[in-house]
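I have placed the structure first, in the form of structure tokens, so that the comments after it can refer back to it.
Pasting the structure below:
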């Protein structure tokens, strides 16, 4: 069984971290001077892997993914643990178990705890590498690795082995994160009342190809689907490779333009409102309680917040502000049973959903993910209504960590 030791420099190198660097870039700040400072810090101390990890983030923010991941790989070869400095003396210590993947791939816990009196140490769990022993002292461990790729599943299995006999409470257990994969999520949510989750199936190129050839008999697995369908590569995000297939002939065209080998197909659900517009909501559930993150409105079914042009529309922002203001007595109340059933089925202390409403009033869940982007970076002069509800969600997350730690202490 792994031991714990007092938290200190010996338990992880200091770094700026993802949140402040991303916020600087989001505001249009110049990353070049900071990059120069970090390079100078490394020149003065070649063992400064915290600086190298921050450089890895900066390169990814600049769009240089390969260079950024290269820096990260180099840093993690020498150091697995990194500590984010707290603005105030911490009254809680959290150890985050993260995957060595691209920025934004793990749970955005730095954004959730920014400015809070919480000591945050991130341990990157490396393949076939033992964990440091002793581990830094902590009140709660939190698994931040995602579960939406084959590599992540292997990684989560490794973490599950590590946390079997953990000395502290472990939140977001790996076996529950694995259940967020799109096809498994559908199987879990399909029986729940007052909730719609599009039927989803994972398939290979050859299996998907049955839709492109009318002379081939369809697999029994496909009998639950009818066109139009949605198809996307396994592990893709933000709409990469997501296409609506209207007829069988569309499949061949899609495959010709894709190099991917595995896909998810799901039943297309028309979630347009009575006015013909589409409304998609992002909600996070913290210990089972729902909190609003955003509402996107578009005349297109494929909505993400960035392509909904919310910043350019006073009317859209006004409706989103109303959504935030009345969330608990309207949206959350309408879907209280569905959200409670969802939280109970997913079994994670923290996760988010992208969802919508059908015209007959049911909740449609498109995705559940423990690593959805949740932040407070939107400019307050354009989105003055977002700061307060995001702050409530962040405080609820911190309170949940304290509650889990206190419960474990009382039990000993």
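Residue numbers (my numbering): -19 to 392. From the three backbone atoms N, C-alpha and C, an ideal C-beta is built for every residue, glycine too. Remember, it's a predicted structure, so these values are computed and weren't measured experimentally.
Inset, instruction - For the region 376 to 388 and the region 92 to 108, state whether three or more C-beta atom pairs, one from each stretch, are separated by less than 8 angstroms. - result: Counting Cβ pairs under 8 angstroms, three or more are found: they touch.
Inset, instruction - Note the first and the last residue of the continuous alpha helix (DSSP H) segment covering residue 386. - result: 367 to 391
Inset, instruction - Apply the 10 Å Cβ neighbour rule to residue 246 and answer buried if 16 or more other Cβ atoms are within range, or exposed otherwise. - result: If you draw a 10 Å sphere on the C-beta of residue 246, you find 16 or more other C-beta atoms in it, and that means buried.
Legend entry - C-beta contact flag for residue 175 and residue 321 at 9 angstroms: yes
Legend entry - Per-residue burial, residue -19 [other beta carbons within 10 Å of its own, 16 or more giving buried]: With a pLDDT of only 43 at residue -19, under 50, the local geometry of the prediction cannot be trusted, and the value read off the model is given with reservation. With fewer than 16 other Cβ atoms within 10 Å, it is exposed.
Inset, instruction - Could you spell out the range, first to last residue, of the alpha helix (DSSP H) harbouring residue 27? - result: Run containing residue 27: none; DSSP gives neither H nor E here.
Legend entry - Rounded C-alpha distance that separates residue 75 from residue 383: 16 angstroms
Inset, instruction - Could you tell me whether the region 284 to 292 touches the region 268 to 276, where touching means 3 or more Cβ pairs closer than 8 angstroms? - result: yes
Legend entry - Rounded straight-line distance, which links the Cα of residue 165 to that of residue 345: One C-alpha to the other measures close to 10 angstroms.
Inset, instruction - Along the alpha helix (DSSP H) that carries residue 168, what are the first and last residues, could you check? - result: 162 to 169
Legend entry - Nearest to residue 167 (by Cα), restricted to the options 132, 106, 180: 180
Inset, instruction - Please list the segments of the alpha helix (DSSP H) lying wholly inside the region 316 to 342, counting only runs of 4 or more residues, in order along the chain. - result: 316 to 326
Inset, instruction - From the DSSP output, in three-state form, read off residue 133 for me. - result: For residue 133, the secondary structure class from DSSP, reduced to helix, strand or coil, is helix.
Inset, instruction - Determine, using beta carbons only, whether residue 1 and residue 37 come nearer to each other than 9 angstroms. - result: yes
Inset, instruction - With DSSP collapsed to three states, give me the class of residue 404. - result: Shown here, the chain extends from -19 to 392; a query on residue 404 therefore has no answer.
Inset, instruction - May I have the straight-line CA-CA distance separating residue 162 from residue 17, to the nearest angstrom? - result: 42 angstroms
Legend entry - Check: residue 370 C-beta below 8 angstroms from any heavy atom of the ligand HEM: Absent from the structure shown: the ligand HEM. Ligands present: none.
Inset, instruction - Please confirm whether residue 82 and residue 30 have their CB atoms less than 9 angstroms apart. - result: No, these two residues do not count as a Cβ contact at 9 angstroms.
Legend entry - Nearest candidate by alpha-carbon position, reference residue 253, set 243, 238, 280: 280
Inset, instruction - Would you mind working out which of 357, 127, 109 sits nearest residue 5, comparing C-alpha positions? - result: 357
Legend entry - CB of residue 318 within 9 angstroms of CB of residue 342, strictly: yes
Legend entry - is_contact[residue 142, chain B] using C-beta, thresh 9 angstroms: Here chain B cannot be found, since the structure has a single protein chain.
Inset, instruction - Would you tell me roughly how many angstroms separate the C-alpha atoms of residue 138 and residue 339, rounded to the nearest one? - result: 43 angstroms
Inset, instruction - Give the DSSP bridge partners of residue 122, in chain order. - result: For residue 122, which the question treats as bridged, DSSP gives the partners 76, 151.
Legend entry - Same chain, Cβ closer than 7 angstroms to residue 221, five either side skipped, listed in chain order: 212, 213, 238, 240
Legend entry - Local Cβ density within 10 Å of residue 351, reported as buried at 16 or more and exposed below that: buried
Legend entry - Three-state secondary structure assigned by DSSP to residue 56: helix
Legend entry - residue 257 versus residue 305: straight-line alpha-carbon distance, rounded: 21 angstroms
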